[in-house]
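Student:
Protein chains: 2
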Amino acid sequence: MAKIVPNISVDCVIFGFDFNQLNVLLVERKLEDEQSGAVLIDDWTLTGYHIFEDEDFDTAAARILKGLSGLDNIYLEQFYAFGAIRRVNAPKDSLWLQHQLEGFSERIVTVGYFSLIDNTTVTLLHNNRNVRWFPITELPELGFDHKDILEKALEKLRSKLRSEPIGFELLPEKFTLSQLQRLYEVVLGTKFDRRNFRKKVLQMKYVIPLDEKQKGVKHKPAQLFIFSKEVYERTKTERFDFSI
Amino acid sequence: MAKIVPNISVDCVIFGFDFNQLNVLLVERKLEDEQSGAVLIDDWTLTGYHIFEDEDFDTAAARILKGLSGLDNIYLEQFYAFGAIRRVNAPKDSLWLQHQLEGFSERIVTVGYFSLIDNTTVTLLHNNRNVRWFPITELPELGFDHKDILEKALEKLRSKLRSEPIGFELLPEKFTLSQLQRLYEVVLGTKFDRRNFRKKVLQMKYVIPLDEKQKGVKHKPAQLFIFSKEVYERTKTERFDFSI
């Protein structure tokens, strides 16, 4: 069996969007005293683990995420490597590491991956660990430096959402501008002026209005749009996106 | 003295812009047979080395860059971690590593940093190694996986130049739109239509036209502009930059 690399791990920051809020996937970290049953540690971490000697980072990230949560075939993007000298050396973290049998180093660097998915459509498998979604505005206590990692991931996610059309994958194929605006507001944690937002979107050649309106809604049905990846790619070089 | 971490290094991709082309800083890697004097290895690498046990990545990157090139106080940004299993195991690379005394691992992961500077204003110190700028269109043979690292760095640099106003730091305080266009064309490796480029730039609230023209030029003097970081920051939240 392949051996782990004692001083290198991967952590996955899985963001889940549910049309109401932005969530993140966490795993409970619980340690009880074997004799007294007293709870020594009870907090949460990102889905992470060491890489194996025969694995590259991408492979390790997919394997770790699947093992802890059951999530499979999720697009993961590497966003940053964390190498602070004492990032796993708080008393609670040292205690946790001492209770593992794998022979971890005292100094561990970790490579962060993130993803943004529609968390209403996925099923978590628990594999003996307690795994769940938390709204990013209501986080529990996090172990190691995972709060820093989560903040950096959020910064990278927001920057990516501002500069690339990754949000459209979370919308239905035909969407309204209100749905698009809601997505941007929830992920960026901000509010846009409705008129300015519409004006901006209507300038995008790759957001294409349809001669079709919403059906079966109680309010006045809104116009539907589609996103064309093909038009986006074809018009890419004529843009330089820091402009507006 | 601090010990190195045998399986973790940092590599710096220093891009230099000289108003004519985009360059990258490389270090010669040369190994001769001790008896015959035959050249066993003669190629080039990025400025890189292992981290020390008591160093984080940022500190290591600055120390390595300074040690190999003399370059100091350069803003370095981490862009990607490289962990392919056999990234330093080509025969030439293994031979090189065997001739070093530091006790490197057979598998080494590396964290990449990049920077973009005006290379006409800096002086390189050589510290017993041959260090020089190469145009990115005329690269020599590179050791390890440094060609892959360089390509990834270039991709990240271009993406950043498209989405953030990093280019202005390379221009004089007061610049013409032709200078700005030249910078974008050289770094992105593309050509822009002059009229479209001007139109785009004139929409940017943070590129501010002056009531002032170039002086001492032979051609018709062009209008001068300044970049306002303050205006850029203040108008940031009202933009979402993937739009145009």
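Chains as they are written, first to last, in the working numbering: chain A, 4 to 247; chain B, 4 to 247.
In this text, a Cβ means the ideal position worked out from N, Cα and C, and glycines have one as well.
For clarity, every value in this text was computed on a predicted model and none was experimentally measured.
Using a beta-carbon distance cut-off of less than 8 Å, what residues from the region 123 to 142 of chain A approach chain B?
Tutor: Residues: none.
Student: Under 7 Å Cβ to Cβ from Ala5 (chain A), same chain only, skipping five residues before and after it: list those, please.
Tutor: Hits under 7 Å: Phe55, Glu56, Asp57.
Student: Compile a chain-ordered list of the residues in the region 222 to 237 of chain A whose CB is closer than 7 Å to at least one CB of chain B.
Tutor: Correct list: empty, as no residue qualifies.
Student: List, in order along the chain, the chain A residues whose C-beta lies closer than 8 Å to that of Gln182 (chain B)?
Tutor: Going along chain A, no residue has its Cβ under 8 Å from Gln182 (chain B), so there is no contact; the nearest lies around 16 Å.
Student: Can you tell me where the alpha helix (DSSP H) with Gly70 (chain B) in it begins and where it stops?
Tutor: Looking at the DSSP string, the run of the alpha helix (DSSP H) that includes Gly70 (chain B) is 60 to 72.
Student: Would you verify that the beta carbon of Ala93 (chain B) is, or is not, closer than 9 Å to some beta carbon of chain A?
Tutor: No, because no Cβ of chain A sits closer than 9 Å to the Cβ of Ala93 (chain B).
Student: Would a C-beta distance cut-off of 9 Å place Gly192 (chain B) and Leu25 (chain B) closer than the cut-off?
Tutor: Cβ distance < 9 Å, so Gly192 (chain B) and Leu25 (chain B) count as in contact.
Student: With DSSP collapsed to three states, give me the class of Arg237 (chain A).
Tutor: In this structure, Arg237 (chain A) counts as helix in the three-state DSSP scheme.
Student: Would you be able to state if there are at least three C-beta pairs under 8 Å between the region 39 to 48 of chain A and the region 57 to 76 of chain A?
Tutor: No, they do not touch.
Student: Name the chain B residues that come within less than 9 Å of Ala87 (chain A), Cβ to Cβ?
Tutor: Residues of chain B passing the Cβ test: Asp59, Phe60.
Student: For the beta strand (DSSP E) containing Arg32 (chain B), name the first residue and the last one.
Tutor: Note, Arg32 (chain B): beta strand (DSSP E), 25 to 35.
Student: Can you give me the C-alpha to C-alpha distance between Thr238 (chain B) and Arg197 (chain A), rounded to a whole angstrom?
Tutor: Cα-Cα distance, rounded: 17 Å.
Student: Quick one: Cα of Ala93 (chain B) to Cα of Asp214 (chain A), how far?
Tutor: Those two C-alpha atoms are separated by around 58 Å.
Student: Closer than 6 Å by C-beta to Gly86 (chain B): which residues in its own chain qualify, once you throw out the five before and the five after it? Chain order, please.
Tutor: Excluding positions up to five away in sequence, the list reads Val112.
Student: Can you grab the Cα-Cα spacing for the pair Val27 (chain A) / Leu49 (chain A), in whole Å?
Tutor: C-alpha separation (whole angstroms): 9 Å.
Student: Closest Cβ-Cβ distance between Ser246 (chain B) and chain A: below 9 Å?
Tutor: Any reading at Ser246 (chain B) must be qualified, since the residue scores a pLDDT of 41, below 50, and its modelled position is unreliable; the value itself is stated next. By this cut-off, Ser246 (chain B) is an interface position.
Student: Ordered along the chain, which non-local residues of its own chain (more than five positions away) have a Cβ less than 6 Å from that of Pro138 (chain B)?
Tutor: Excluding sequence neighbours, Pro138 (chain B) sits near Gln24, Asn26.
Student: Using a 10 Å radius around the Cβ and a threshold of 16 neighbouring Cβ atoms, would you call Asn122 (chain A) buried or exposed?
Tutor: By the 10 Å Cβ count, Asn122 (chain A) comes out buried.
Student: If you draw a straight line from the alpha carbon of Tyr187 (chain A) to that of Ser97 (chain B), how long is it in whole angstroms?
Tutor: When rounded, the distance between both Cα atoms is 49 Å.
Student: Answer with buried or exposed for Leu205 (chain B), where buried requires no fewer than 16 other C-beta atoms within 10 angstroms of its C-beta.
Tutor: So Leu205 (chain B) ends up on the exposed side.
Student: Taking Pro9 (chain A) as the reference, which of A:Gln81, A:Met207, A:Glu141, A:Leu100 has the closest Cα?
Tutor: The shortest C-alpha separation from Pro9 (chain A) is found at A:Leu100.
Student: Please report the Cβ distance between Phe117 (chain A) and Phe171 (chain A), rounded to the nearest whole angstrom; I am assuming they are in contact, meaning their Cβ atoms lie under 8 Å.
Tutor: Going by Cβ atoms, the distance from Phe117 (chain A) to Phe171 (chain A) rounds to 18 Å, so no, they are not a contact pair.
Student: Using the Cα positions of Arg132 (chain B) and Leu119 (chain B), report the straight-line distance between them to the nearest angstrom.
Tutor: Distance between the alpha carbons of Arg132 (chain B) and Leu119 (chain B): 22 Å.
Student: Using DSSP's beta-bridge definition, name the partner residues of Glu80 (chain A).
Tutor: Beta-bridge pairing links Glu80 (chain A) to A:Phe117.
Student: Tell me, please, whether the CB atom of Tyr52 (chain A) is closer than 9 Å to any CB atom in chain B?
Tutor: No, Tyr52 (chain A) does not count as interfacial toward chain B.
Student: Return no unless some Cβ of chain B is closer than 9 Å to the Cβ of Ala84 (chain A).
Tutor: Interface residue, yes.
Student: Using the Cα positions of His102 (chain A) and Gln81 (chain A), report the straight-line distance between them to the nearest angstrom.
Tutor: One C-alpha to the other measures close to 29 Å.
Student: If contact means a Cβ-Cβ distance below 8 Å, which residues of the region 101 to 119 of chain A contact chain B?
Tutor: Answer in chain order: Arg110, Val112, Val114.
Student: Just how far apart, CA to CA, sit Lys218 (chain A) and Leu142 (chain B)?
Tutor: Cα-Cα distance, rounded: 59 Å.
Student: When burial is assigned at 16 or more other CB atoms within 10 Å of the CB, is Glu236 (chain B) buried or exposed?
Tutor: Flag for Glu236 (chain B) reads exposed.
Student: So Ile11 (chain A) contacts chain B; which residues on that side make the cut at Cβ distance below 9 Å?
Tutor: What Ile11 (chain A) touches in chain B: Asn10, Ile11, Gly86, Val112.
Student: Leaving out the 5 sequence neighbours to the left and right, which residues in its chain are closer than 6 Å to Asp21 (chain A) when beta-carbon positions are compared?
Tutor: The residues are Asn122, Thr123.
Student: Let me check understanding here. Comparing Cα to Cα, which of B:Val234, B:Phe195, B:Tyr52, B:Val91 lies closest to Glu105 (chain B)?
Tutor: That would be B:Tyr52, whose Cα lies nearest to the Cα of Glu105 (chain B).
Student: At 9 Å on the CB atoms, spell out the chain B contacts of Glu56 (chain A), in chain order.
Tutor: Within 9 Å Cβ-Cβ: Ile88, Arg110.
Student: Starting from Pro212 (chain B), trace the beta strand (DSSP E) both ways and give me its first and last residue.
Tutor: Pro212 (chain B) -> beta strand (DSSP E) spans 210 to 216.
Student: For a cutoff of 9 Å on Cβ pairs, would you count Ser97 (chain B) as touching chain A?
Tutor: By this cut-off, Ser97 (chain B) is not an interface position.
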